[in-house]
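Asks: Take this structure, written in structure tokens, and hold onto it; I'll ask about it next.
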Amino acid sequence: MPESKSSSSDGTVLIFPCAGATNLGQLSTRLGIEMENRGLGTFKCTSGIGSQRSDFLIAAARCDKIIAIDGCDFNCSMKMLRRAGFEADRHIILTRELGMKLNRELNVPDTLLSESIEKLADKL
């Protein structure tokens, strides 16, 4: 069972995108970057959690909030976090939240990024 974050929280919000090889996987990455640019949290490498890098695990244990962004219902980001013993405070699944379909178009238009941030703003 995933554990709660450490009681020695440092007040940070960490953002873990799935970064999958689909339109929505790439959108999850762009959203993570944009959220950091807007001061909503710190964009982190989900693969670092999956590979059990100690510095990533320590950061996740000390943070105040974890946001997982998954492109689809495979929930790869959330699953990697759970396997490492963490539970996301906010789990965003783009197919559900944005009503979009998965495809192999890897170039995310800036307009789609802007529209997506606006639709998700109240949920972050």
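Just so you know, we're using the numbering used here here: the sequence shown kicks off at 911 and counts up by one. Built from N, CA and C at the ideal position, the CB exists for glycine as well.
What residue range is occupied by the uninterrupted alpha helix (DSSP H) comprising K1029?
Replies: Per DSSP, K1029 belongs to the alpha helix (DSSP H) from D1020 to L1030.
Asks: Mapping the DSSP letters down to three states, classify A969 as helix, strand or coil.
Replies: Of the three classes helix, strand and coil, the one that applies to A969 here is helix, per DSSP.
Asks: Is T939 near the ligand ATP, judged by its Cβ being under 7 Å from some heavy atom?
Replies: The model on display carries no ligand, and the ligand ATP is accordingly not part of it.
Asks: I need the DSSP call for G930, collapsed to helix, strand or coil.
Replies: DSSP places G930 in coil when its eight states are reduced to three.
Asks: Could you spell out where the alpha helix (DSSP H) holding K989 opens and where it closes?
Replies: Per DSSP, K989 belongs to the alpha helix (DSSP H) from C986 to R993.
Asks: For I959, which residues of its own chain have a beta-carbon under 8 Å away from its beta-carbon, when the five flanking residues on both sides are left out?
Replies: Taken in chain order, the residues that qualify are F926, F966, L967, A970, M990, L991, A994 and F996.
Asks: How long is the line joining the alpha carbons of E1028 and E944, rounded to whole angstroms?
Replies: Using only the alpha carbons, I get a separation of about 11 Å.
Asks: For C980, which residues does DSSP report across the bridge?
Replies: Cys is not the amino acid found at residue 980; the sequence shown has Asp there. Its beta-bridge partners are I1003.
Asks: Measuring CA to CA, which of I976, G921 and G981 is closest to A929?
Replies: Taking only the C-alpha atoms, the option nearest A929 is G981.
Asks: Considering only residues of the same chain and omitting the five flanking positions on each side of D999, which have a CB-CB separation below 8 Å?
Replies: Closer than 8 Å at the Cβ level, and outside the excluded window around D999, lie K975, I976 and I977.
Asks: Please go through the same chain and pick out, in chain order, the residues whose beta-carbon is closer than 7 Å to the beta-carbon of G951, but skip the five residues on each side of it.
Replies: Same-chain partners within the cutoff: V923, L924, I925, M945 and I977.
Asks: Give the single residue among N1017, E1015 and L1030 whose Cα lies nearest to the Cα of R1006.
Replies: The option with the nearest alpha carbon to R1006 is L1030.
Asks: Just checking my contact of L1012 with Q936 at CB under 8 Å: how many whole Å lie between their CB atoms?
Replies: Rounded, the Cβ-Cβ distance is 11 Å, inconsistent with contact.
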